[in-house]
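Top to bottom, those sequences are chains A, B, C and D. Sequential numbering of the first sequence, starting at 1, is according to UniProt numbering. Sequential numbering of the second sequence, starting at 1, is according to UniProt numbering. Sequential numbering of the third sequence, starting at 1, is according to UniProt numbering. Sequential numbering of the fourth sequence, starting at 1, is according to UniProt numbering. Don't be surprised by glycine CBs; every beta carbon is placed ideally from N, CA and C. What you are looking at is a predicted structure, and each value in this text was computed from that prediction instead of being measured.
Number of protein chains: 4
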Amino acid sequence: MTENERPRDECGVFGLYRHPEAAQLTYFGLYALQHRGQESAGISVAREKDKIFSHKGMGLVHDIFTMDDLKKIEGGGGSAIGHVRYSTTGDSTLTNAQPFVVQHRGRAYAVAHNGNLVNAHILKSELEENGSIFQTTMDSEVFLHLFVKNLKQGNVLNAIQKVVAKLEGAYSFILLTCKGEVIGVKDPHGFRPLALGKLNGHYVLASETCAFDLVQADFVRELEPGEIVIINEDGVTSIMPDNPPQKKSLCIFEYIYFARPDSTIFGRNVYEMRKAHGRQLAREAHVDADFVMPFPDSGNYSAIGYAEESGIPFEMAMIRNHYVGRSFIQPTQSMRDFAVRVKLNPVRELIRNKEIIIIEDSIIRGTTAKTRVQALRNLGAKKVHMRISCPPHRFPCYYGIDFSTKGELVAAVKTEEELTRFLGLDSLHYLTIEGMLEASGVENPENNFCKACFDGSYPVDFDPNLSKQCMG
Amino acid sequence: MTENERPRDECGVFGLYRHPEAAQLTYFGLYALQHRGQESAGISVAREKDKIFSHKGMGLVHDIFTMDDLKKIEGGGGSAIGHVRYSTTGDSTLTNAQPFVVQHRGRAYAVAHNGNLVNAHILKSELEENGSIFQTTMDSEVFLHLFVKNLKQGNVLNAIQKVVAKLEGAYSFILLTCKGEVIGVKDPHGFRPLALGKLNGHYVLASETCAFDLVQADFVRELEPGEIVIINEDGVTSIMPDNPPQKKSLCIFEYIYFARPDSTIFGRNVYEMRKAHGRQLAREAHVDADFVMPFPDSGNYSAIGYAEESGIPFEMAMIRNHYVGRSFIQPTQSMRDFAVRVKLNPVRELIRNKEIIIIEDSIIRGTTAKTRVQALRNLGAKKVHMRISCPPHRFPCYYGIDFSTKGELVAAVKTEEELTRFLGLDSLHYLTIEGMLEASGVENPENNFCKACFDGSYPVDFDPNLSKQCMG
Amino acid sequence: MTENERPRDECGVFGLYRHPEAAQLTYFGLYALQHRGQESAGISVAREKDKIFSHKGMGLVHDIFTMDDLKKIEGGGGSAIGHVRYSTTGDSTLTNAQPFVVQHRGRAYAVAHNGNLVNAHILKSELEENGSIFQTTMDSEVFLHLFVKNLKQGNVLNAIQKVVAKLEGAYSFILLTCKGEVIGVKDPHGFRPLALGKLNGHYVLASETCAFDLVQADFVRELEPGEIVIINEDGVTSIMPDNPPQKKSLCIFEYIYFARPDSTIFGRNVYEMRKAHGRQLAREAHVDADFVMPFPDSGNYSAIGYAEESGIPFEMAMIRNHYVGRSFIQPTQSMRDFAVRVKLNPVRELIRNKEIIIIEDSIIRGTTAKTRVQALRNLGAKKVHMRISCPPHRFPCYYGIDFSTKGELVAAVKTEEELTRFLGLDSLHYLTIEGMLEASGVENPENNFCKACFDGSYPVDFDPNLSKQCMG
Amino acid sequence: MTENERPRDECGVFGLYRHPEAAQLTYFGLYALQHRGQESAGISVAREKDKIFSHKGMGLVHDIFTMDDLKKIEGGGGSAIGHVRYSTTGDSTLTNAQPFVVQHRGRAYAVAHNGNLVNAHILKSELEENGSIFQTTMDSEVFLHLFVKNLKQGNVLNAIQKVVAKLEGAYSFILLTCKGEVIGVKDPHGFRPLALGKLNGHYVLASETCAFDLVQADFVRELEPGEIVIINEDGVTSIMPDNPPQKKSLCIFEYIYFARPDSTIFGRNVYEMRKAHGRQLAREAHVDADFVMPFPDSGNYSAIGYAEESGIPFEMAMIRNHYVGRSFIQPTQSMRDFAVRVKLNPVRELIRNKEIIIIEDSIIRGTTAKTRVQALRNLGAKKVHMRISCPPHRFPCYYGIDFSTKGELVAAVKTEEELTRFLGLDSLHYLTIEGMLEASGVENPENNFCKACFDGSYPVDFDPNLSKQCMG
C-alpha cells in the first residue's frame, strides 16, 4: 500500500546496558528500526551519577543525529535507550518525542514506549486530582508519574510492578535509570514485539531482531507477555506475571505490514509468514494469468509465495525511482496523479496484452491502487486481478495502530464487489481470516493473535471515546 | 553492484520545444533521468528575445529546484533544456554544472551534453591558439566555442554541421537557442541513447523513454546515429549524415547497468534485455541450488530470468532499509562493514543450510560483494554461487563511462579462479561476450554494439593519455 | 563591555490580551526585547477552548519564527504571551525554552518568567516529596506546579496569591490561561521591570517600554512591586499585596547595562540615566584630554554625558564592522585577538599623539578592555584614561543576573591600582556608589534600588549554595 | 541613508603575495571590506603549478566560507586574491561572483575588479567579431579576454599594458597568475581606491586601509592613478603610465558614503573628512536647536563635526536594535512602516518639545527619511531641521556606483523647497559643491575629484545608452 495511506505504527524502541559506545550503537539500532516511526527520534544516556543526557529531534534518525550530537551524550560505558516515533495523534511536536525524561529527588529516569494504554485517560485524571501536571499527550508521561509515585527507597522493580498492575492495553516499555539500569516491560497480552539480545556480553533490547543484525548482536529470545526484564550489574533478571491472561494477543498486523521481513517476531520470520500468506491466497483464489506482480515494495514476498504456489511467473513490472525525495514540486496543470506516478513506473513492454495478478498487502483508502490499476489498463493490460494478502480492515485498532489517519477504511464501507468496480479490476480477493490464521502455522492461532481490526473482537476492553487520547 | 563501486555515467539530457510549462516539465523529465547523474543538475529556458534563463545546482533534482526557482525561469511558452550530471572527472563543482550557457553578439545559447569527445584536447588547443579562454573542463564548452566560430548570419544548422564534422567520440547534445529552437545531435556511432517524443503536440527530447512516461509524452522514435534534429516553428527537421560509419557502436552497458528497466533504448526494452541475459546465464552456467537471489536492486531482472530458465525458485533474500540517508555516522570501532550492512540485511531464516545462486550485474572492485558473500556464509549458507550478467570488465571506456573512479577493475587483474577465491564463492561465472551478444536478439550484434570495455576493440581511435581531459 | 564578558540577563516577557494578530504582535514585541535574551524564544497562544498553541526555538527571534509558524498558532482574536531567554545556567536546551506550558484537568496554562527565585530548591523538594516530577531546571516549572496544586474550581487569582505567598526572590511573571486571561505578577521588591500598555484598546504587558514603541502601543504605567494584574473580559484588575516590604529593590543594573536606552523603567528613561551617570563621572574624576570616546556601543550615552559636563570633545573613535556574524573562522596562527579586533577598529588618524578618555559601562573580566587599550597605545595614543559608568562589581547577583559565567569579577580580586596597571591605563576611575545613587535623581535612592552586586547588601535572604539551581 | 535606498558600490578587492595562510588572510581582508559589497564573495589561490583554486558564494563573507572551504583552497605559501561584490546590474547570480577565473593554454588566471568600464560594450563587440564567447556580464571577463589575446610567451606585464591602453572608465583590478604573481592596476583617473601594504614582509593590496588594520599589515602607500604594480619574487615593481591625464578624478562619494571611517583613501582619513563636511555644513547653514543628531549610522561623523562647529549639543537620539535580521516577517495589517521602525527607535523623552537638527549623509528616494521625520513629530518635536552632508545627487554615475537601483534620485526631480515639504521639515540644507570641495582640504580640488554625480561634469566620455551593460 502507498505511503500516504499506510497505517501508522507508533514506535520502535531500543536499549543497551553499559557499553563504551552505547549512544552510537543505539543510533544504529534506531537506524534499523526506522520503519517503525519516521516522525521523531531520540536517544538518552545514563553515564554519570544521577543524570541522563538526551538528544531528540523531528525527522529521520540520520537527519537528527550528527557525530557531535552523539559525542555530547556518549559517556564511555553508559547505558542508553532510544526511540523512533510515528505520531498516531495529531500532535507531532518535539515535546512529544521520546525518550521521555524526568527528574525526581535529584535522580533522572527515561522511558521509551511502544503501544497504547486504553486506560491512560483514567490514570491521568487520577493523577491530576492529586495535583500532577502534564506537558505531553504521551502514555510515557503517565507511566513515569505513576512510577515516581510508587518509588520508595529507590526500589525500581517494586515500583514498576505496582505501575504495571494499573496499566491496561498494549505496551512495550524500556526504562532507563540514572544508575544505568535498563528495564524492559511487555504487557500481559504481548501485543507488541520486544526481544532480548547480546552484543559481546552486553545485553540489548529491541522491538525487532533486525536491529540486532545491524549492531551485530546475537538474538537471545523474545520477552514473554507480561514479563519484566531488569538488566543491571547482576546480569538479566526476569519477573513473570502472577496471573497471566489465558490467551495471548500478538498483533498479527505486525507480520502483514509493520515488521521488517528480515525480523523474527512472535517466534516466526516475517518474510516466511508473508510468503505463506501469498501461498494461501493462491490456494483460496486462483486465477489464470500471464504473470503475478507486487505493487512494490510491500507486496513483494506474498507475490513470490503466490507465484510459487500457483506456478504463474513472477515479474517486478513496476520500476521504482530511487531518487524521489520526501517532497517535490507539485505539477500545476498538465499532469494528474504525478505523486503516484513519480515513484513507480510500469514497464510498458511487459504489460501490453497481458493478464496480470497484482498482490497488495492491504487497501486502506484505495485511491492510489485505483490510479495504478488505471495506468496498467492504459498500457494495454488485458485483465487485471488483485489479491490482498490480508483480510479486509473493518474495525479500528485501540492498541497502537492508526489505520484511519488519512481517510476511511474503504473495506468497512464498500462491499468486495463495489470495491472491484471502484478499483477497475477484473477480480478481487481478500485473504480470509481463517486462511490467514491457518497460514500462520501456529497451533490454536485464535488463542495467540489479536485480529480485532479484521473482526472487531477486542481482547482488552476500553472506552472507545477516550482511549485514544494518550498514545505513543 | 554497490553504489560506491558503480560506474559513473556522465549525464542525462532533456529538451522541450515551447510549452507553457516548459521549465516545470523539464524538471520532471530530469526527475525521471536522475539515475543518469546525481551530482548536479540544471535547466535553461529561452523565453524572451535574445536571453536564456537558467537555474543550476549541486545535488539531486528535488533538492536543487524549488517552485520559486522554476517560476523565476519559466516564461510561459518558452523552450527548455535540462541536464543531470555525474562527474567523471574529479572536478565536481557548480562551474561544471550544465546546461552550459554563453552569450555571443547579444544572443544566448545553451547546451546539454551526454558523452565524451576523444579529441576534445586537440580542439581546445586549436581554439586557445586563436585566443579562446576556457572556464570549465567540459566538452560542452569546446562545442560552444566551435559552434560560435562557425555561426554566420545566424545559420544554426550550418554551424552545427561544421562543428559535428570536427568532433570525434561519443556524444548526444541538445542545443537551445535564444530563439527557442531545440536541436538534438547524436554522434555517428550512436554510443549514447537519445529519443524523440511528443507531448500534446509539443516535441520533446530525452536520453531515455522513462522520461516520456513521467511527463506523459508519447515516444515517437529514437534518433539515428549521426542524426541532427531541429525542432522549431516548422516542426521537426531531420538531417542525416552524408557518410555514416559502416557500423553502429551502441553502448551495450547501457542495457546492463545504466538505463532504467522501464526505458526502451536502441530499439529494445531494458527489463526484457536483462531477463534475456539472466536466461542466457542459466543456459551457460547451470548449477543446482535451493534458490536464486539478486543483490538488490541491479541484479533483480537477470535473477528473474535465471530463475525462470533454470526452474530454481526466486527469492529476495536481502532486505533493503528504505531509510538510509546519503550519509550517516561512521561507526568508530565495534562495527566493520557498516556502510555495506546498513543498506541490505539478509533474511537469516532463508539462508541457513541453503545452496544459493546470487545474480549480480557486474563486479568492479569486489570488496562489497566479498562482504556480502561472507555475511551469507556467517548465516549458515551451505553453498554460495555467483553469476554475473555481463562479461568481465577488462578495459577502460573512453566514450563516457568511468569504471575506475574508485578502484581497479578487479576482472582485469584477477583470473576467474582467483576471483572465486577472493569473493569466497563455491563457483563464479561471467556471461560470455558471445552469450551477451546472442541474448541481445539483434541481428549482427557485432556491427551494432560497442563492447570495448569487455574486449578492448575500440570503435573510435583516441590518444589514451589525453582524451579524458574534457568530459561530460 | 564586550559580548563575551557581558552579564547575562535572564529574560524578557511580553503578553497581549485578545487581538486578531496576537501571535504576530507578540513576535514583534519579542523582537524589541531581543537584547534581554538571545538564546531561545517562544510564543504561546490561547485561542480555543482549553488549548494553548506554542512555537519555541533556539536562537534569535527572527530565526525561530517564520510566517508559517505564526500562522499555525495565530487564532484570530486569541491572547498571547512570549519570552526571550538568555540561559543563566549551563543548560541551554530547547526543553528550557519558555513559555512553559502544562495541561491540568484538561486545561492548559503557560507562563513566561523573568527573574530568579532564591527558594526554588526548597519549593521543588517539597513538591517532589509529594510525588511531583520535573522536566526542566526552570523556576517557571516550580511556579506552575504550585499554581496547579492551589487551583480549585478554576479560581486563578486565588491560586496565584497563594503561590506568590511562597515565592522568594526576583520575578516578573506573565501567566496565560487557556481561557485567554493574561496575568502579570511582579515580586514585592520589584527587582525586574514590567509595564502595562494599551494597543487600540487591547492591553499589553512587556518587560520594557521599547516593546510598546515597536508595536505602537501606548505606555499606561509600570506595575508596582507586589502587584498582580489580571487582564480579561472585565478589563484590567489590579491586586496589591497586603504587606508590601518597606523598601523597593529596583535593579539599578538594568539602567546601567540591560535595558534599552529608549525604554523607560522604574520611572525614568534609560538614556537620560546613563547620561546622568556620565556627567557624575566627569564631576568625580575629571582629567584633561583631547577627547572622550566610548567603547561602542554600551558606553555611548555616558560618554556623551561626560563630554557635555567636562567640555571635552566627543569622538566615536572605534569603528564597528556592521557585518560581523555571530561566528567566524578563527585565525590559526598569525593573528592574535582577532575576535576582539574584527568588531571594532580604532581610527588611526584620530588616536595618534592624543590624550584619550574612554568611557565603559562596566568591566567584568577585563581582557577585552586590555586588548583595546593596547591597540590604542600601538597607534600612538599619548595617554589613555578610563572612566567606568558604574561602581566595581564585587558581589554575585542572586536575583537573575549572572556576571560570572565566563570568568571572575576582576573588580572583586584586583585593587583599582592593580587594575589600572593590568589594563595598561594612565588612570582609571569607577563611578562611586554614592555618585551613582545621587545621579539617579530619585529621593531616598537607598530605599529604592538593589545595589547588592556593588556592596553585597542583599535585600532578600538566600542560601548561596543552592539558590542558583533553578533560574530563568 | 537607509539600506534599501543606499547607493550600491560595486566591489572591494584584496590580494596577498605568497603567505602560508594566504586564503585565510584574504578571508579576513574581505571581512574588513564587506561594506563594499554584500551580495557575493570569492577567494582564488595560486598554490600549484598552472592551477588556481577558488571558492565563491552568494551572501556575506562569514556565511560563504567555512574553515573547510578555506582549507581546501589554502596551499601553504600560495598567493591569493579576493573580492566582495554588490551587483549594480540586476544579474545577481553566482556566475557573476568574482574572482573570475579562466584557463588558457594550460595556465589559469584570476581577476578581481572594482569599477566600471565605459567602453566595455565596444570591446566586447570587437572580441565577439573574432569568435569570443561570454558567460557573464562582467567587465572582468572582457579584461581577461583581452589579456589572454595579448599574452605572448607569458609576458604578463606587456599584456596588461596593452589591455590597459584599451580600457576606458573606472577600474581597480587585481590579477592573479597561476605562478603566484599578484598584479594591481588602477585606472589613469584614479576613480577607485587601491592601496599597497606589507604584512611581515609579504606585500598585500586592498581597496581600503581598514583591511590592512584587520590583518595587521602596515600601510605602505596608495597606488597612483594609472599605476601598475607587479608583486612577485623580485618584490614590488611599479610601472607608471606614459601620458597620464592632466587631472585626477578621485570619487568624492567614497568619502561621503562608501569607504569606512577608519580607512585612509586618496591621502586622507575618511572620518576626519566627514567631520570636516559637518563643520562646513554648520558654517553654511547654522540654525538654533536643542541638539544635533544623526540618523545612524552614516551621519554620525558629520553630526559630530556639526555639533563641534556650532556648539549645539550632540545626541544619539535614535536607538538601533542590534538584533534585526536581514529579513523578518512583514506585519500584515496593524503596523505601518515596520521595516523602518524596527531598526531604529527614537528616544521619546529626548525628543518631546525639542528643536532638532538631523544630519544625514545623503537622500536618495527620501521615503525612509520622511517616515523618520514623521516619527519625531509624533513624539512632540517642536522643530525638525535637516542638514545633508553632501550636495544633491542629480546625475547618474557611470564609474561604478548605482544610485538609482531602487528609485529615482529625489534631488533631481524636486526643488529643495519641495523636498522640505515632502519630508515634513522646518528647514533643509544640502552642503554646497563649493563647500564640499573646500572642506576637503585639498589644493585645487577641482583637479582632483570626480563630482559628476553632483554637477554632471563627467571626466571620461561614454555612450550613456550602452556603458552600463557590463559592470562590476
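Distance check for residue 121 of chain B and residue 462 of chain B, CA to CA, integer angstroms please. 11 Å
Does the structure place the stretch 63 to 78 of chain C close enough to the stretch 25 to 45 of chain C that three or more beta carbon pairs sit under 8 Å? yes
Candidates B:94, B:165, B:115, B:343, of which the one nearest residue 123 of chain B by Cα: B:165
Apart from the five residues just before and just after residue 313 of chain D, which ones in its own chain have a Cβ nearer than 6 Å to its Cβ? 291
Three or more beta-carbon pairs under 8 Å between the stretch 76 to 84 of chain B and the stretch 16 to 31 of chain B, yes or no? yes
Any chain E beta carbon closer than 8 Å to residue 133 of chain A: This model lacks chain E altogether, as its protein chains are A, B, C and D.
Using the three-state DSSP reduction, which class does residue 177 of chain B fall into: helix, strand or coil? strand
Could you tell me if residue 413 of chain D is buried or exposed, where buried requires 16 or more neighbouring beta carbons within 10 angstroms of its beta carbon? exposed
Candidates C:323, C:345, C:372, of which the one nearest residue 59 of chain D by Cα: C:323
Against chain D, which members of the stretch 142 to 165 of chain B pass a CB distance test of less than 8 Å? 144, 145, 148, 149
Any beta-carbon of chain C closer than 8 Å to the one on residue 104 of chain A? yes
Here's the rule I'm using: 16 or more other beta-carbon atoms within 10 Å means buried, otherwise exposed. How should residue 50 of chain B be labelled? exposed
For residue 176 of chain B and residue 146 of chain D, the rounded distance between their alpha carbons: 28 Å
Give a yes or no on whether the minimum CB-CB distance between residue 94 of chain D and chain B is below 8 Å. yes
Please say whether residue 431 of chain D and residue 449 of chain D have beta carbons closer to each other than 8 Å? no
Going by DSSP, which residues form a beta bridge with residue 103 of chain B? B:108, D:134
Could you tell me which of C:222, C:212, C:181, C:417 sits nearest to residue 193 of chain C, measuring between CA atoms? C:222
Contact with chain B by residue 111 of chain D, beta-carbon distance below 8 Å: no
Compute the Euclidean distance between the alpha carbons of residue 212 of chain B and residue 384 of chain A, then round it to the nearest angstrom. 24 Å
Using the Cβ count rule (16 or more neighbours within 10 Å means buried), how would you classify residue 267 of chain D? exposed
According to DSSP, is residue 277 of chain C part of a helix, a strand, or is it coil? helix
So, at 6 Å on beta carbons, what are the nonlocal neighbours of residue 249 of chain D in its own chain, with the 5 sequence-adjacent residues on each side left out? 189, 191, 450, 459
Can you look up residue 323 of chain D in the DSSP assignment and give me helix, strand or coil? coil
At the 8 Å Cβ level, is residue 60 of chain C part of the contact set with chain D, yes or no? yes
Coil, strand or helix - residue 473 of chain D by DSSP: Residue 473 of chain D lies beyond the residue range present for chain D, which begins at 1 and ends at 472; the question has no answer from this structure.
Given that residue 282 of chain B touches chain A, what residues does it touch there, using C-beta distances under 7 Å? What residue 282 of chain B touches in chain A: nothing, since even the nearest Cβ is about 14 Å away.
Using the C-alpha atoms, what's the distance from residue 256 of chain D back to residue 447 of chain D? 18 Å
Buried or exposed: residue 407 of chain D, going by 16 or more other Cβ atoms within 10 Å of its Cβ? Here the model assigns residue 407 of chain D a pLDDT of 48, short of 50, so the residue's position is not dependable, and the following value carries that caveat. Label assigned to residue 407 of chain D: exposed.
Looking at C-alpha atoms only, which residue of A:239, A:171, A:216, A:68 is the closest neighbour of residue 207 of chain A? A:171
Along the chain, where does the alpha helix (DSSP H) containing residue 163 of chain D start, and where does it finish? 156 to 164
Residues in the stretch 243 to 272 of chain D with C-beta within 8 Å of chain C's C-beta atoms, listed in sequence order? 260, 261, 262, 264, 269, 271, 272
So is residue 402 of chain D buried or exposed if we call it buried at 16+ other beta carbons inside 10 Å? buried
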